[in-house]
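Heads up, this note's numbering is the position in the sequence shown plus 235, with the first residue counted as 1.
Where is the CB? At the ideal position from N, CA and C, for every residue including glycine.
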Amino acid sequence: MQASNTSASITLTVTATDNQDVANSSTNTVTPIGPPINLVQNGSFETGNIEWWTENDSKYTGVAAGAGFFGEYGLSCFSISPIYTSQTLATTLE
Ligand SMILES: [Ca+2]
């Protein structure tokens, strides 16, 4: 995934390659209205805990130092069963 950000818009390009090495990509540009708002609370787990997130099975998920892709902390998951963490985002349609 590539992302570029200007003051007026954000462009994301996602490229996926299948097991036959056939690549396909899609690009989308969005233009935010109003000041940026962080809809996801604790989205990078930098509180060092699972605060704001709901786990379907907390035995297999947690927040660990050094596991972060961004920052110090990241979500740690270890299970072969389907597990998830989720968060309900408050949005308003205009
Ligand atoms: Ca993080």
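Pick from Gly297, Asn277, Leu324, Ala325: whose alpha carbon is nearest that of Cys312?
The residue labelled residue 312 in the question sits at position 77 within the sequence shown. Selected option, being the one with the closest Cα: Gly297.
Let me check understanding here. Comparing Cα to Cα, which of Thr266, Val249, Val265, Glu281 lies closest to Ala259?
Mapped onto the sequence shown, residue 259 falls at position 24. First, the residue type needs correcting, since residue 259 is Asn and not Ala in the sequence shown. Measuring from the Cα of Asn259, the nearest candidate turns out to be Val249.
Does the Cβ of Glu281 lie closer than 7 Å to at least one heavy atom of ligand 1?
Your numbering for residue 281 matches position 46 in the sequence shown. Correct: Glu281 has its Cβ closer than 7 Å to ligand 1.
Which residue from Ala243, Leu247, Lys294 puts its Cα closest to that of Gly269?
The sequence position of residue 269 within the sequence shown is 34, counting from 1. Measuring from the Cα of Gly269, the nearest candidate turns out to be Ala243.
By the 10 Å Cβ neighbour count, where 16 or more other Cβ atoms means buried, how is Phe280 classified, buried or exposed?
Your numbering for residue 280 matches position 45 in the sequence shown. By the neighbour-count rule (16 or more Cβ atoms within 10 Å), Phe280 is buried.
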